[in-house]
Amino acid sequence: MSDMSRKLEFISPHSFVDSSFFQKLSDLKLNDYRLDTSSKTVYGSYDFKTIGREQGPIITLNDLSFASFDEFSEASPENSNFITQGFLFNLNTIEDFKKINKNDFLKKQGARLYETIVDRSILEKLNQLTSFTILAFSDLKKYKFYYWFNFPLLHSDWLLENLEDKVTRFDSAVKEWITSGKNEQFFLIDETNNDNENIVIKSLSQIINNDDNEIFIGMVDTCCVGKNVSWGLQNCLTMLNIYGYTKVKVLVYRVTSSSFILDLVSSPENILKSEMPKVTGWERTSQGKLGPKLADLGSLINPVQLADQAVDLNLKLMKWRVIPEINLSVLKETKCLLLGAGTLGSYVARALLGWGFRNITFIDNGKVSFSNPVRQPLFQFKDCLNGGVSKAIRAAEAIKEIYPSVNSKGYDLEVPMAGHPITNEAKQERDYQLLIKLIEEHDVIFLLMDSRETRWLPTVVANVKDKIVMNAALGFDSYLVMRHGCVSSKEFDASAETETETEKENRLGCYFCNDVVAPSDSLTDRTLDQMCTVTRPGAALIASALTVELLVSILQHPLRQHAPASSDKSTDSDTILGSLPHQIRGFLHNFNNIKLSAPSYQYCSACSLAVLSEYKEKGWEFVKEALNDSKYLENLTGLTEVQKKAEEAAMNFDLGITDEEDAEWL
1 MSDMSRKLEF ISPHSFVDSS FFQKLSDLKL NDYRLDTSSK TVYGSYDFKT
51 IGREQGPIIT LNDLSFASFD EFSEASPENS NFITQGFLFN LNTIEDFKKI
101 NKNDFLKKQG ARLYETIVDR SILEKLNQLT SFTILAFSDL KKYKFYYWFN
151 FPLLHSDWLL ENLEDKVTRF DSAVKEWITS GKNEQFFLID ETNNDNENIV
201 IKSLSQIINN DDNEIFIGMV DTCCVGKNVS WGLQNCLTML NIYGYTKVKV
251 LVYRVTSSSF ILDLVSSPEN ILKSEMPKVT GWERTSQGKL GPKLADLGSL
301 INPVQLADQA VDLNLKLMKW RVIPEINLSV LKETKCLLLG AGTLGSYVAR
351 ALLGWGFRNI TFIDNGKVSF SNPVRQPLFQ FKDCLNGGVS KAIRAAEAIK
401 EIYPSVNSKG YDLEVPMAGH PITNEAKQER DYQLLIKLIE EHDVIFLLMD
451 SRETRWLPTV VANVKDKIVM NAALGFDSYL VMRHGCVSSK EFDASAETET
501 ETEKENRLGC YFCNDVVAPS DSLTDRTLDQ MCTVTRPGAA LIASALTVEL
551 LVSILQHPLR QHAPASSDKS TDSDTILGSL PHQIRGFLHN FNNIKLSAPS
601 YQYCSACSLA VLSEYKEKGW EFVKEALNDS KYLENLTGLT EVQKKAEEAA
651 MNFDLGITDE EDAEWL
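Position 534 of the sequence shown, counted from 1, bears residue number 534 in the UniProt record's numbering, the numbering being contiguous throughout.
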């Protein structure tokens, strides 16, 4: 073939992108890249060991493409592919993806490659000769990924003068080069003579210009299309042209078919000295047209995984611009115990799901009645039939139907109530022990029950266990949302018999701190309008939303349940979400909200040190006393004495009148 003289043809690569690549891209876009559209390093591999006949080069990417070179290399099949570096440009909108000037973009990628050749830095990273760029847009809501590969190809003019076919004398040396682990597709060949033992293969980084401007190189071909070669050789030849070489002998080594040698020449007038060569390289579709590809993962991903990603999407978008510092992981990890699965419990649970909470447990001993579904969104008409299903158990099932990945359970148990005498001690003690266990296992306790006395025991236990307590209560056209203060370890120090004044002022009060009487039976002997929850329907939604929003703010504060209340004068207790109040009292008749703060009451029937210490010491025996004797808590805390002094003060109240004026009062 010594008389032949023609241009060499190069076969462009095609991309194969595994779905795991896009799943990883989705995660990185949402959590790390966000609005950043700068280039990101990715890795791909060209297989040379299993390519079939008439198959061009194929670059493969997967989720490990975003890892380091070493990690990607370790996960790739050994001695069967070459790993190359690429650059990902992930744009923020489909409009940006469409309107970007593709020619200018390609020229910039070509210029980057050209500059590494000119300054010879490419000799330290020879895999850049086969580098690639991905222009992409990720539609995370629809799980559609638009992407377009380009493989920058720097053109130079070479003519094929001769082709030596079925070359085998280099096989042993090349195989040794492949197994050396250098990951270099191109290499130098030093052939002293035709004796196989004198063939030496060296890294192409050792090229030295010689007077003849001739060089003998080799390449492990990733293509198997006749006597055409993979596109990377063109970039290698262009590099050699820029370095002044005009005669190049190329060993095209193929693992799956016969190898051959090309004798190539370039005119000295064609040497590229100062101007960047022509650049091409956009990948064509399977129909041979220039255009991007589309990966639609919506039908490939497990529906539960889709739900997981969708639930997180809106929350994580907050971190892009609005609140970059927000800690969403703490919400996902926090375990919430909802005491009450009715109106408040239903709306609180939905709000928790919206914030990404994954652990929600319900406690309630009621059944779903026909009046419930219209006000309690976790229940349906069918839940009322045959006497109604358990509210707690059905609520847990309902939120799993809404979001399958939530960890939810329901417990049908009765919370022991202060002032309600024990009727079945064995059962009530079992309920008590289960309640204690559940409070210990959870981080946040929501008090959402219908009566005051139901909230007493959880308030006591949660304070002793150092838990966050969120309280929501409804009136006809008003509502109260509050967080309970929590006793510090110093206050529980056995050597400290009394609280200091500073501790009294700093610890926030609980739901019972404004009472001068202990909780008692408020459920017996009530008329129908007193037995049913008579409130404006919208009050529950507002109160539930505020309760959950207040919790999220607490979880962003380093002191959490021990955080002080925000004040208008100071922002020290504020969080990244804003103010952190103690109480929010709302009134629908004038649509006002009032933020209040109140310290703990030293005679409180639920959070005073007298009550907490007695509970820590006696446990169930203390609870039994509080249930059976309505005056027990008042005597223990000192409220009895407070009431007595109040009565005495009232009797001794001076009306400020004279004896002559007495008759006017009779």
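Ideal Cβ positions, reconstructed from N, Cα and C, are used throughout, including at glycine.
If you compare the alpha carbons of Ile178, Tyr245, Lys7, Ser258 with that of Lys166, the shortest gap goes to Ser258.
Taking the C-beta atoms as reference points, Phe89 is found no nearer than 8 Å to Leu25. Lys202 is positioned such that its CB atom lies no closer than 8 Å to that of Asp221. Spatial neighbours of Tyr615 in its own chain (CB-CB distance under 7 Å, excluding positions within 5 residues in sequence) are listed in chain order as Val460, Val464, Phe622. The three-state secondary structure of Asn103, taken from DSSP, is helix. Glu214 places its beta carbon less than 8 Å from that of Lys247. Between Tyr511 and Arg455, the C-beta gap is smaller than 8 Å, which places the two residues in contact. Each residue's CA atom was taken as its position, placing Ser286 and Tyr147 some 14 Å apart. Bridge pairing for Val250: Ile217, Leu262 [DSSP].
Gly345 counts as buried, since at least 16 other C-beta atoms from the protein chains shown sit within 10 angstroms of its C-beta.
Comparing alpha carbon positions, the residue from Asp63, Lys98, Asn183, Gly232 closest to Asn79 is Asn183.
Excluding five sequence positions before and after Ala307, the CB atoms of its chain that fall closer than 7 Å to its own CB belong to Tyr403, Pro404, Ser405, given in chain order. Taking a 10 Å sphere around the C-beta of Ser230, we find 16 or more other C-beta atoms and assign the residue as buried. Secondary structure note for Asp157: it is in no alpha helix (DSSP H), with a DSSP letter that is neither H nor E. Taking C-beta atoms under 8 Å as the contact rule, Ala543 and Ala598 fail to qualify, at a distance of about 18 Å. Taking a cut-off of 8 Å on C-beta distances, the segment 436-450 touches the segment 328-344, as three or more cross pairs fall below it. Secondary structure at Glu414: coil, using DSSP grouped into helix, strand and coil.
When DSSP states are grouped into helix, strand and coil, Thr60 belongs to the strand group. About 5 Å separates the beta carbon of Leu315 from that of Leu328, a gap short enough to meet the 8 Å contact definition.
If you draw a straight line from the Cα of Met276 to the Cα of Glu9, it is about 21 Å long. DSSP places Ile360 within a strand segment (E or B) once states are collapsed to three. Here DSSP, grouped into helix, strand and coil, assigns Pro599 to strand. Ser65 counts as buried, since no fewer than 16 other beta carbons sit within 10 angstroms of its beta carbon. When beta bridges are read from the DSSP output, Trp282 appears opposite Asn150. If you check the CB distance, Asn92 and Thr37 come in under 8 Å. With fewer than 16 neighbouring CB atoms inside 10 Å of its own CB, Pro421 falls in the exposed class.
Take the alpha-carbon of Arg321 and the one of Asn101: they are about 27 Å apart.
Assignment of Ala136 by DSSP, reduced to helix, strand and coil, places it in the strand class. The Cβ atoms of Gln556 and Met482 do not sit closer than 8 Å to each other.
Residue pairing for Val469: DSSP places it in a beta bridge opposite Ile445.
A straight-line Cα-Cα distance of about 18 Å links Thr637 and Pro458. Non-local C-beta neighbours of Leu290 in its own chain, meaning closer than 7 Å and more than five positions away in sequence, comprise Trp282, Arg284, ordered along the chain. Non-local C-beta neighbours of Ile117 in its own chain, meaning closer than 7 Å and more than five positions away in sequence, comprise Met239, Ile242, ordered along the chain. The three-state reading of DSSP puts Phe48 in coil, since its state is none of H, G, I, E or B.
In this chain, the alpha helix (DSSP H) harbouring Asp308 covers 303-317. In the DSSP assignment, Val17 falls outside any alpha helix (DSSP H) and lies within the beta strand (DSSP E) extending over 14-17.
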